[in-house]
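Working notes, beginning with the structure itself.
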Amino acid sequence: MVWCQPPGLLFTGSVFALIFAFCVRFIAIAIGSLESSYKRISPSLDMASITLGQSPRQLLRSVHLPLLRKGMFAGALLVFIESMKELPAALLLRPIGFENLATYVFQFVSDEKLEHGALAAIVIVLVGLVPLIYLNRSLEQSR
Amino acid sequence: MSTLSIHNVTSDYQGQVILKQLDLTLQQGEIVALLGPSGCGKTTLLKAIAGLQAISEGSISINGQVLSGDGVFVASEQRGVGMIFQDYALFPHLTVADNILFGVKGLNKLERQTRLEDMLELVKLTGLGERYPHELSGGQQQRVSIARALAYEPELMLLDEPFSNIDAQVRHEMMLEIRAILKQRNVSAVFVTHSKDEAFVFADQLALFEQGRIVQHGAAETLYSTPNSHYVADFLGITNYLDVTVTAEQQVDSPLGIIISTTALPHTIGSKGKLLLRPQQILLQANDKGDAKIIERRFLGSVCHYHVLQHEVFLEINSPMMNFNIGQRVQLVIPEHQLVVFSE
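Residue numbers (my numbering), protein chains in the order written: chain A, -7 to 135; chain B, 2 to 345.
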């Protein structure tokens, strides 16, 4: 039976530990992004929805979630950029043989093979740039 | 039958009493204004009626059904009250049509469409159903929120300073328009405002608040002409006070001479008090040998506002006569009317 087998090296042998560490490390960014879009929702919207006969659950589904969508997407993007660049946690917790861009670059750079790491480093910069452009634009729109 | 009945309502928030033993009843189709300076508890009462604020004592009932109090608390979403907000509170991600139909339930597609058309016509926004709130002007947005609340067919309408974000030029017209809609639908309404002018235009009854209490409640005219305190008198308009002695049942002696009242004064003869005079209750007559002197003049359109000094008594007077200049001597005449004297 599968479910009673020992979990094995769940923490050290798989990306689970890495994902868990990234979640803990970057959750503040996601919460911050969501919080700022929550602050933009006027409390009178809640009161309007409730006095129009909507239950709190319906309020969440039909008012809050649609209005938070942008904030959630922005939060996810920010976490993505941060995770992509994160080096120390990735070095310590990655399973053997697992590389992400940061560790890949780090290894070549520490071996002074700069030209081998250069491409991956540029990819980090470029991939990190795209969401920043998007975020900047949506920030300007909301002004 | 009274739509809304508020009995002995007290509310406190973090140990601070906000509402103190309020009593208020509202007849079907009547509009009452809760009037008072900011922070006096009028919005708290509105929220208590909507079920968004708990009360610690007393009871609130609509059409005889207790909503708050006596161990009962009906949730906001089951109260059937419509609420209008200062910031309109339209859902920005929904079109005008979806906003209006937000609270409408249990109708088929055709009935929903009919309801929507009715509402758009009622608030004169026909054809704008597919717009988003941010594409409308402030006045139009507020009309959408009225339509949204009415589409829900509430038993009672609560309006929280609905006109304070509307441009002054269109505010008056809009108040009359919305008042007409409420009257046409025979919807009772509670209207919160800090502006006496809005309250006069919009409401049938005024309830004047001071620090969580209703100090006087009644028709606007009653409160204006026979206020029960300095506070009420001052809140509803410019006031002049004269030190007077009651010399007969319908007569007082003032620094401006004898003034006659058309009704009997409740004061004992010989008692002293302050006589309330509104700026239009004092008439100006051109007289070069008059006892009074104009010291300030301001043109207000339909009337002129004068500051007048007579025997060290300073008075503010509104007069339709525009031709007095600063420094000119005039004679003051106070016609007989129902005098209001506050005992000292």
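We put the beta carbon where it would ideally sit given N, CA and C, even for glycine.
_In this structure, how does DSSP classify B/L1 when only helix, strand and coil are distinguished?_
It is not possible to answer for residue 1 of chain B, since the shown part of chain B is limited to 2 through 345.
*Going by DSSP, which residues form a beta bridge with B/E317?*
As a working mapping, residue 317 of chain B is identified with position 316 in the second sequence. B/H308, per the DSSP bridge assignment.
_Per-residue burial, B/Q290 [other beta carbons within 10 Å of its own, 16 or more giving buried]_ = Here residue 290 of chain B refers to the residue found at position 289 of the second sequence. Checking the sequence, you will find Lys at residue 290 of chain B rather than Gln. In this structure B/K290 is exposed. Its beta-carbon is surrounded by fewer than 16 other beta-carbon atoms within 10 angstroms.
*In three-state terms, what does DSSP make of A/L111?*
Along the first sequence, read from residue 1 onward, the residue named residue 111 of chain A stands at position 119. Assignment of A/L111 by DSSP, reduced to helix, strand and coil, places it in the helix class.
*Determine whether the Cβ of A/L44 lies closer than 7 Å to any Cβ atom of chain B.*
Counted from its first residue, the first sequence places residue 44 of chain A at position 52. Chain B contact via Cβ: present.
*Within chain A, the residues that B/A90 reaches when beta carbons sit closer than 8 Å*: Translated into the one-based positions of the second sequence, residue 90 of chain B becomes position 89. Those within 8 Å of B/A90 in chain A are S34, S36, L37, M39 and A40.
*asked:* My assumption, with CB atoms under 8 Å, is that B/G107 sits in contact with A/L44. Please give the rounded CB distance.
replied: Within the second sequence, numbered from 1, the residue matching residue 107 of chain B stands at position 106. Within the first sequence, numbered from 1, the residue matching residue 44 of chain A stands at position 52. No, B/G107 and A/L44 are not in contact; Cβ-Cβ is about 14 Å, not under 8 Å.
*Under 8 Å by Cβ, that's how I've got B/S39 and B/G52 pegged, so tell me the actual separation to the nearest angstrom.*
Sequence index remark: in the second sequence, residue 39 of chain B carries index 38 (1-based). Sequence index remark: in the second sequence, residue 52 of chain B carries index 51 (1-based). Rounded, the Cβ-Cβ distance is 23 Å, inconsistent with contact.
_Which runs of the beta strand (DSSP E) at least 3 residues long sit entirely within the stretch 135 to 203 of chain B? Give them in chain order._
Within the stretch 135 to 203 of chain B, the complete beta strand (DSSP E) runs of at least 3 residues are 157 to 161 and 189 to 194.
*Range covered by the beta strand (DSSP E) that runs through B/K21*: Here residue 21 of chain B is taken as the residue at index 20 of the second sequence, counted from 1. Looking at the DSSP string, the run of the beta strand (DSSP E) that includes B/K21 is Q17 to Q28.
*How would you write the range of the alpha helix (DSSP H) that B/Q217 sits in, first residue to last?*
Residue mapping note: residue 217 of chain B aligns to position 216 of the second sequence, counting from 1. In the DSSP annotation of this structure, B/Q217 is not part of any alpha helix (DSSP H); the continuous beta strand (DSSP E) holding it starts and ends at R214 to A220.
*asked:* I need the boundaries of the alpha helix (DSSP H) containing B/N100, first residue and last residue.
replied: Here residue 100 of chain B refers to the residue found at position 99 when the second sequence is read from its first residue. Looking at the DSSP string, the run of the alpha helix (DSSP H) that includes B/N100 is V97 to I101.
*Provide the residue span of the beta strand (DSSP E) that contains A/E97, from first to last.*
Here residue 97 of chain A refers to the residue found at position 105 when the first sequence is read from its first residue. Going by the sequence as given, residue 97 of chain A is Val instead of Glu. First-last for A/V97: L93 to S102, but that is the alpha helix (DSSP H), not the beta strand (DSSP E).
*Taking a Cβ distance cut-off of 8 Å, strictly less, list which residues of the stretch 99 to 128 of chain B are near chain A, in chain order.*
F103, G104 and K106
*What separation, rounded to the nearest whole angstrom, lies between the Cα atoms of A/I19 and B/E136?*
The sequence position of residue 19 of chain A within the first sequence is 27, counting from 1. The sequence position of residue 136 of chain B within the second sequence is 135, counting from 1. Going by the C-alpha atoms only, they are around 36 Å apart.
_Would B/Y14 pass as an interface residue toward chain A - the criterion being a Cβ-Cβ separation below 7 Å?_
On the second sequence, position 13 is the one that residue 14 of chain B refers to. Not an interface residue.
*Just mark B/H195 as buried or exposed, buried being the case when its beta carbon has 16 or more other beta carbons within 10 Å.*
Locating residue 195 of chain B in the second sequence gives position 194, counting from the first residue. With 16 or more neighbouring CB atoms inside 10 Å of its own CB, B/H195 falls in the buried class.
*Mind checking B/N319: buried by the 16 CB within 10 Å criterion, or exposed?*
Working through the second sequence from its first residue, we reach residue 319 of chain B at position 318. So B/N319 counts as buried.
*Could I get the ranges of all uninterrupted beta strand (DSSP E) runs contained in the stretch 237 to 278 of chain B, with 3 residues as the minimum, in chain order?*
241 to 249, 252 to 255, 258 to 261 and 273 to 278
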